[in-house]
Structure formats: C-alpha cells, structure tokens
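Data first, discussion second: the structure below is written as structure tokens.
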Amino acid sequence: MAIDAATVRKVARLARIAEPEDRLEPLAKELSGILNWIEQLNEVDTNGVEPMTTSVATTLPMRDDVVTDGGDPAKVLANAPKSAKDFFVVPKVVE
Amino acid sequence: MNDVANTKLIQGRTGPWEIVLGLEVHAQVASNAKLFSGAAVGFGAGPNAQVSLVDAAMPGMLPVINRHCVEQAIKTGLGLKAQINERSRFDRKNYFYPDLPQGYQISQFKDPIVGEGEVIVERDDGSTFTVRIERLHLEQDAGKSLHDQDPNFTYVDLNRAGTALMEIVSRPDMRSSEEAAAYVKKLRTILIYLGTCDGDMEKGNLRADVNVSVCRPGAYEKYRATGDFGHLGTRCEIKNVNSFRFMQQAIEYEARRQIEIIEDGGKVDQETRLFDPNKVETRSMRSKEEAHDYRYFPDPDLLPLELDPAWIKQIEAGLPELPDAKKARLQSQYGLSSYDAGVLIAEQAKADFYEAAAKGRDAKLVANWVTNDLAAKLSAGGIDIADSPIKPSAIAELVQLIEEGVISSKIAKDVFERMWAGEGAAGEIVEKQGLKQVSDTGALEKIIDDLIAANPGQASAVKEKPQAIGWFVGQVMKATGGKANPGAVNQLLKAKLGL
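Quick mapping for you: the protein sequence lines, in order, are chains A and B. Mapping of the first sequence onto this note's numbering: position 40 corresponds to residue 32, and the numbering continues sequentially without gaps. All you need for this note's numbering is the position in the second sequence, starting with 1, plus 1.
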C-alpha cells in the first residue's frame, strides 16, 4: 500500500503534527515501507481465529460506583501553563 | 393504530417535500462516580472540583470501568426491548479540543453494548408509531469550555469530563418536528422509570442531536422497503437543541433551508450545524469530518466488555413496570380511558399517587381529581406531585364522601379548595363548615311544602309545563345553601307537584 504526500499532510494535520512541506515526500516513503512490511501479515490465513486483544487471559476489571477521587482542583491544575479561579485557561477557542 | 410515522407535506416552489428525522440522544447515566474514574458526578460543584487525574488525562493514568454504569446501560437496553451484546468493546474517537484533555473520547464504535430495539410513541391524537433504535453505546462526556469569561482566553472546567453518557441512536423514523418531540418525551419517560437517567434537560443531562433531511413523497417508503438510504436526501446533523421548543424550531428552519438549496439547483452538503436559539436559525459548525477522520481504534487500555448472561437475566428480573405496561394495566385494572391512563403514567410519581388514592374508591372519579383539580393546583404552584400537600389518602377520603352522597360534586370543589388551603381533612371540613348534603327527606319535605304554599301560581303552571320544575329545584338549593341532594329533591318535588 502506497501513501502519497497529500495523505501524509492530511494525517499530520489531524494529529496536529506540524510537518514542513519538504518532509512530506520522505515521510510518505517511510510510512509506505512500514505499511508494506505490516501487510505481509495478511498472507497468514486467520479465518476463524478470534482477534487477540490481550496477551493475559483476564476479563475487564470493574469498580464499584463510589466516589474515591477528586475534590482537589489545585492538584489537577498544578501543571497547567495558565489557570484562574480554578479553571484551566487556554487561548481563545472560537467555534 | 400502530404504524410507521405520519408525514406532513411541506410545499416548495417545485412541489411537495417531506421531512425525515433521526435522533441521537445523549443521556447522562445516573451514577455517583464517573465512567472510568472515581471522581464525583454532579451539577453545581466548583470548577475542577470533581476531577481525578484520570479525567485530566495525566500521563500514566488508566481507566477502570464503573460496574454500575454498565448495569444502567444494560437496563436501558432492556427497557428499549433491545438486543444486549454480551461482548462489546471501547474505541478511541480522536479529535482535539481544549475540554477533551485525552485528545480522544472513549466511546463504542464497532461493537456497542446494546443493539437494535424499539420505542412505541404516542401522538397527541392517541395514535402510535414505532421508532426503531439502531444502537445504544457507552461513552465519556467532555468538559465544559467557557468563552465569556475573558476576551482573549477560554476557561475550561473538567467536572463533566469523563461522566458516563448513553448515546441512543434512532433510525430515521420520525417525519415531523412534533413526532421528534414526542419520541424524546417518551424516551425520557422510559429512562426516568428505569432510573438510568434523570432526564433533566435544563441541566443538559438529556441532549439531542437531530439528523434532518428532506425527500419527495414516496421516497421514504422506498427506503423503508429496501433499507437503501440512497432514496433519502443528504442529512445535516443539528446540535445544541436542548429543549423541545428549540428542537421544533431547528427542524422547521433546517427543512426549509434544505428545500431552498435543492430548489435553487444546489446540493445539500452533509455537515454538522449549530442551532442558534436567538436568531432561530442553524449555521454550519465545521465540515463534518468523515467517520474515519476520527481515526477510531480499539482502546488498548481497556479489555473487551464481556457480560455474564446470568447478570443480564438478573437485571431483567429487577426491571420496574415500564410506561406501556403501566398504561395497559391502569386501563384494565381501573377501567380508565386511554387518555386518562396516558396522563397518569407520563410521570411515575403521578401514577403511584393515583394508585394509592384509587384503592377501593371510584377509580374514574379519583382519576378526575388527580388529573384535573390537583394537577392544576400543583402546576400553578410549581410543586411536584411527590411533594403534594394533599396526600393520596386525603383525595380518597374526599372521593368517598362524594360516593356516599355526603357531599355533592359541586360542594366537593369547595371542600377541595379548603383542603388545599390547609384547613384539614375532607371529613373535618364538611363537619366544621356544615356542608353535609341534605338527603333527610323530612327536612327537604318541609322546605318544599313551604315553597309550594308560598307560590301556588308556579305550582299549578308546572303541571302544564313540566320543565318548569327547574325553578323549584333552584329554590330548594338556594334554601339549603346548595347542600340538598339533587336526586332526593327531584323525587320529592315530582311527588308533591303531582308530576
């Protein structure tokens, strides 16, 4: 499967990764290489085999519906570049 | 009659059009803690006071699912007569917004917990239609952005981030804004009965996105027959319709907008649009990203959700009586009309109140008092029926007095007013105010004899014109202050006047 520069530009934008124009072609080549390598796995016949979701034979652990956390805005905001009145403060978002 | 939705034609310049509506309802799961963290769920706490480091997406934090939220989703699925999937899983829906600290929402894309179901919806005229449910899945809510705190900055509160939501997706089975509103009302009633969502739309605990498209008459029937969406028009998703009134306004505006585009030779773009309640219009939010642009993939932090069939059975066994079943039972057990039963079951507490009051009493009469007089007083005072100052037993006592002929229905209205004013129980008020109906023939006979003696002219005229008896009835009522038993008065008058 070949990836072109336009696809790389689109994927980079969706992931909010700034890639300069001159990096798009080389990246397209690298990504195509990775995909081609992964695609070799398609040669294995997996008919009737359940997809493996974990290497550990266990089920999804669940918790009870009790409040055990929260109540500490200062801790939550400790790493925020900017905060005020217990809010995170970010550059204006306009929708 | 139970059929597919009724449509309403909209007249365009080039001919008639029909509306096709599908709804995505986000219902906040009633729970103490969030879907994947131990932080509290609630409304009105200080900013970021209900946030765990999981909700804030600090590195290394792992989600652990809340068993109760899973149970609530199963319960809701069962209430919608839907398929419960014993194996479902969580996916990441990737997008960027400041109130989504993870950079993705944990949702269920490929394998939702609940599959196909249905909701039977009543129209105002009493007829019904069926809305097919496509799926219900569990997902996280986002935080809240405040844009009006500062001209240059957006303030973010993550209290809501990570709260469990059930997204309930319908098929495009509604054909008018009235039907869409009726569907949301019915869904809300079912959720409240189940106790899985409080249905509070003002607090945003129940929100709907509406998918609107238009088509020519006949096209919808082709879609229903073949399942091919190609027969339907391109749809737009309208967000921010958080009241029934806004929903109706948004749908009507949007249908008109689409018809105008098509009639002008244009093409409707599939997009997400925001309803502006001030301008009563919808406007484009962002070109709706193609589904794969969210780059969904299975969340590697969460194993598949596998449900023990025994647990599902146990939840099913504990389901409360749901609105449709309650309505049918009220009609058969108490002989109520479909309308009265419908009014009573609209609120679980109202039906409970009714049943407590109706025990052993004239069921229809109790229904009238509960749905008319009491309901009017409660709504005027903005009081929930559960907090009614007049208790079910007090209504039962009032109705018993009417049934036993102690007071007339007319006097009962006066007694009810006094009960509402807090003057005591019906029996006490009747006693204290001397409102007992006079059925004592001796007392009535005396009044009638005096009346005939004083009005010999009227008495002889009534023999020619029997309907003139009404005048005598009126006079007896006047003499007794309205307390005379009308049946007894009529009987005595007829005998005395020789009719």
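Using N, Cα and C, we set each Cβ at its ideal position, and we do this for glycine too.
Can you tell which of B:Gln84, B:Val407, B:Gly443, B:Ser146 has the C-alpha that lies nearest to the C-alpha of Asn486 (chain B)? When only C-alpha atoms are compared, the closest one is B:Val407.
Could you tell me which residues DSSP puts in a beta bridge with Trp18 (chain B)? In the DSSP output, where bridge partners are listed per residue, Trp18 (chain B) has B:Ile11.
At 3 residues or longer, what runs of the beta strand (DSSP E) sit wholly inside the segment 379 to 459 of chain B? For the segment 379 to 459 of chain B, not a single whole beta strand (DSSP E) run of length 3 or above is found.
Counting only the same chain and skipping the five closest in sequence on each side, list residues whose C-beta sits under 7 Å from that of Ile239 (chain B). Correct list, in chain order: Asp210, Val211, Val213, Ala251, Glu255, Arg274, Phe276, Thr283.
For the alpha helix (DSSP H) containing Glu253 (chain B), list its first residue and its last residue. 245 to 264 is the span of the alpha helix (DSSP H), which, as asked, contains Glu253 (chain B).
Measuring only the C-alpha atoms, how far is Arg88 (chain B) from Pro305 (chain B)? Roughly 7 Å between the two C-alpha positions.
6 Å Cβ shell around Pro173 (chain B) - same chain, five flanking residues per side excluded: Cβ neighbours of Pro173 (chain B) beyond the five flanking positions: Val21, Gly23.
Output yes if chain A places a C-beta closer than 8 Å to the C-beta of Ala162 (chain B); else output no. No, no contact with chain A.
Check whether the Cβ of Pro53 (chain A) lies closer than 8 Å to any Cβ atom in chain B. Output row for Pro53 (chain A): interface = yes.
Chain A residues whose Cβ lies nearer than 8 Å to that of Ser146 (chain B): Chain order gives the chain A residues near Ser146 (chain B) as Val85, where near means a beta carbon separation below 8 Å.
As assigned by DSSP and simplified to three states, the class of Thr197 (chain B): In the structure shown, Thr197 (chain B) sits in coil (DSSP, three-state: anything other than H, G, I, E or B).
Among the residues of its own chain, which have a CB less than 8 Å from the CB of Asn67 (chain B), if the five just before and after it don't count? Same-chain partners within the cutoff: Ser32, Ala34, Lys35, Leu36, Phe37, Ala165.
Positions along the segment -6 to 6 of chain A whose CB lies within less than 8 Å of some CB in chain B: Residues passing the 8 Å Cβ filter: Leu6.
List the endpoints of the continuous beta strand (DSSP E) containing Asp14 (chain A). First-last for Asp14 (chain A): 13 to 31, but that is the alpha helix (DSSP H), not the beta strand (DSSP E).
If you measure beta-carbon to beta-carbon, which residues of the segment 149 to 161 of chain B are closer than 9 Å to chain A? Cβ contacts with chain A: Gln150, Asp151, Pro152, Asn153, Phe154, Thr155, Tyr156, Val157, Asp158, Leu159, Asn160.
Would you mind sorting Asp142 (chain B) into buried or exposed? The rule is 16 or more other CB atoms within 10 Å of its CB. It is buried - the Cβ of Asp142 (chain B) has at least 16 other Cβ atoms within 10 Å.
Continuous alpha helix (DSSP H) stretch holding Tyr335 (chain B): start and end: Tyr335 (chain B): member of the alpha helix (DSSP H) spanning 324 to 335, first to last residue.
Validate contact between the segment 49 to 61 of chain A and the segment 123 to 136 of chain B using beta carbons, cut 8 Å, 3 pairs: Touching, no, given that fewer than three Cβ pairs across the two stretches are closer than 8 Å.
With a floor of 4 residues, list each alpha helix (DSSP H) that falls wholly inside the segment 202 to 229 of chain B, ordered by position along the chain. Whole alpha helix (DSSP H) segments, 4+ residues: 220 to 227.
From this set, B:Val474, B:Phe298, B:Thr481, B:Gly482, which residue's C-alpha is nearest Val490 (chain B)'s C-alpha? When each option's Cα is compared against that of Val490 (chain B), the closest is B:Val474.
How is Tyr156 (chain B) classed by DSSP in three states: helix, strand or coil? In the displayed model, Tyr156 (chain B) falls within a strand according to three-state DSSP.
Along chain A, in chain order, which residues have C-beta atoms closer than 7 Å to that of Gln51 (chain B)? Neighbours of Gln51 (chain B) on chain A, chain order: Gly62.
Whole-angstrom distance between Asp341 (chain B) and Gly45 (chain B), CA atom to CA atom: Distance between the alpha carbons of Gly45 (chain B) and Asp341 (chain B): 37 Å.
Arg8 (chain A) touches chain B at which residues, Cβ-Cβ below 7 Å? Residues of chain B with a Cβ closer than 7 Å to the Cβ of Arg8 (chain A) are, in chain order, Phe97.
Please confirm if Gly231 (chain B) has its CB atom under 8 Å from at least one CB of chain A. Gly231 (chain B) does not count as touching chain A.
Which bits of chain A does Ser285 (chain B) rub up against, with CB to CB less than 7 Å? Result: empty, since nearest Cβ-Cβ is about 11 Å, beyond 7 Å.
What does Glu307 (chain B) touch in chain A if you count any residue whose Cβ is under 8 Å from its own? Within chain A, the residues Thr51, Leu52 have their CB atoms less than 8 Å from the CB of Glu307 (chain B), given in chain order.
Helix, strand or coil for Pro83 (chain A) per DSSP? Here Pro83 (chain A) carries a strand assignment [DSSP, helix/strand/coil].
Cβ of Val21 (chain B) less than 8 Å from any chain D Cβ? Absent here is chain D; the protein component of the structure consists of chains A and B.
Can you look up Asn34 (chain A) in the DSSP assignment and give me helix, strand or coil? Under the three-state reduction of DSSP, Asn34 (chain A) is assigned to helix.
Pairwise C-alpha distance: Ala(-6) (chain A) and Lys289 (chain B): Because Lys289 (chain B) sits at a pLDDT of 49, beneath the cut-off of 50, its placement in the model cannot be relied upon, and the point is left open.
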